[in-house]
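Below is one structure; the comments refer to it alone.
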Amino acid sequence: MREGPMCGVPRCVWELPAMLGEGPVWSEAEQALYFVDIVGKAIHRYRPESGERTSWAAPDRPGFLVPLADGTFLCGLRDGLHRFSPATGRFGLDLPVEPDQPGNRINDGHVDRFGRLWFGTMHDAETDPTGSLYSVRQDRGALSIRREDTGYVVSNGPALSPDGRTLYHNHSPARTVYAFDVAPDGSLSNRRVFAILRDGYPDGIAVDSAGFLWIGVWDGGRIERLAPDGTKVEPIPMPARNVTKVAFGGADYRTVFVTTARKGLSAQQLADQPLSGSLFAFGTSIAGQKQATFTLDTPFAL
1 MREGPMCGVP RCVWELPAML GEGPVWSEAE QALYFVDIVG KAIHRYRPES
51 GERTSWAAPD RPGFLVPLAD GTFLCGLRDG LHRFSPATGR FGLDLPVEPD
101 QPGNRINDGH VDRFGRLWFG TMHDAETDPT GSLYSVRQDR GALSIRREDT
151 GYVVSNGPAL SPDGRTLYHN HSPARTVYAF DVAPDGSLSN RRVFAILRDG
201 YPDGIAVDSA GFLWIGVWDG GRIERLAPDG TKVEPIPMPA RNVTKVAFGG
251 ADYRTVFVTT ARKGLSAQQL ADQPLSGSLF AFGTSIAGQK QATFTLDTPF
301 AL
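Dropping the structure here:
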């Protein structure tokens, strides 16, 4: 097993019973960590410097949120991409997604360093391969969406390598991490199996500045780490069975934030792991990639 970045011991920084904590993302402008509770229909913000914690109710299940250049966020709710304002707590629809697939919902999302948004959809009942992977760009002040791949029951990830040439994306029920080649125009090709996980299911992915993948493992109680060549690095055990995703943040991007979930755990499992659903953090020797913002020029009153 290959040696990877050195890490501190995970500590709970926000003990909350999130049913499905997900989508952690660092806001550089606010020096704060945002994340969602999909089942709880909530958005949360944690400020490490002060310890301040703030929550907002969402009108539907939020899969992810990413920062916009104007200080608001683009949030993937069940039915489409919405603008969200932390200042007012209001949401507004920008772009419907898959109106012909009422059994689907938006799941995980990511903005790469080129300012492109990538996100996936999934079958909410987790039985049918109706989910897809999409990319989103700004086109003349509006959102332009393109389906990049399809056939997923539960899509997760997505994340890009530091050089922007490789995109990683998970088909969680198949325990499979795919890799795609990314062309300069953002188009994808050459989908291939990058890794198959055992003892759990790959959930969200983050890629650090050295190109290592950090994968939250659902029903695995750990963060799996893979080198850019696919070699396993020593995993990081977590005090929660359902680990969903990590995000790098802090002033130097050397703090790792981890979301977890209570969904699907028995009463005995919850008693054994009472911090399930909480937000965790620890330090790492290798910085993450700087969190990019998505630019959308159209003014939006919230």
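Note that full-length UniProt numbering numbers the sequence shown so that position 10 is 10, with each residue one more than the last.
Glycine residues also receive a C-beta, built at the ideal position from the N, C-alpha and C atoms.
Since we're looking at a predicted model, the values are computed, not measured.
Buried or exposed: which applies to residue i, given that a residue is buried once 16 or more other Cβ atoms fall within 10 Å of its Cβ?
i	result
ASP112	buried
ASP219	exposed
GLN273	buried
LYS290	exposed
ARG146	exposed
PHE114	exposed
GLU126	exposed
THR231	exposed
VAL97	buried
SER135	buried
LEU93	exposed
GLY151	exposed
DSSP three-state call for residue i: helix, strand or coil?
i	result
ASP272	helix
ALA267	helix
ASP229	coil
ALA32	strand
MET19	coil
ALA69	coil
GLY92	strand
PHE280	strand
MET122	strand
VAL13	strand
ARG78	coil
PRO24	strand
PHE84	strand
What whole-angstrom Cβ distance do residue i and residue j have, given they're in contact under 8 Å?
i	j	result
PHE280	VAL36	PHE280 to VAL36, Cβ: 16 Å. No contact.
SER27	HIS44	About 12 Å separates the two Cβ atoms, so there is no contact after all.
GLU22	THR293	Not really, about 20 Å apart at Cβ, beyond 8 Å.
ARG47	ALA32	5 Å
PHE64	GLY103	With 8 Å as the limit, PHE64 and GLY103 do not qualify as a contact, their Cβ atoms being about 19 Å apart.
MET6	SER285	4 Å
PHE212	LEU226	7 Å
LEU133	HIS82	Wrong, their Cβ atoms sit about 20 Å apart, outside the cutoff.
PRO67	VAL25	7 Å
Is any non-hydrogen atom of the ligand ADP found closer than 7 Å to the C-beta of residue i, if you look at the structure I gave you?
i	result
TYR178	The ligand ADP is not part of this structure, which contains no ligands at all.
| Are three or more beta carbon pairs between the region 157-171 and the region 198-215 nearer than 8 Å? | yes
| task | Indicate whether the contact test is met: 3 or more Cβ pairs, each with one atom in the region 191-198 and one in the region 173-183, closer than 8 Å. | result | yes
| query | For the region 260-269 against the region 228-241, are there 3 or more C-beta pairs whose distance is under 8 Å? | reply | yes
| task | Would you list, in sequence order, the uninterrupted alpha helix (DSSP H) runs of no fewer than 4 residues that lie entirely inside the region 34-65? | result | none
| Whole alpha helix (DSSP H) runs in the region 124-182 with 4 or more residues, listed along the chain? | none
| Is it a yes or a no for the region 44-51 touching the region 63-80, going by three-plus beta-carbon pairs under 8 Å? | no
| Whole runs of the beta strand (DSSP E) within the region 191-265, excluding any shorter than 3 residues | 201-207, 213-218, 222-226, 232-237, 242-249, 255-261
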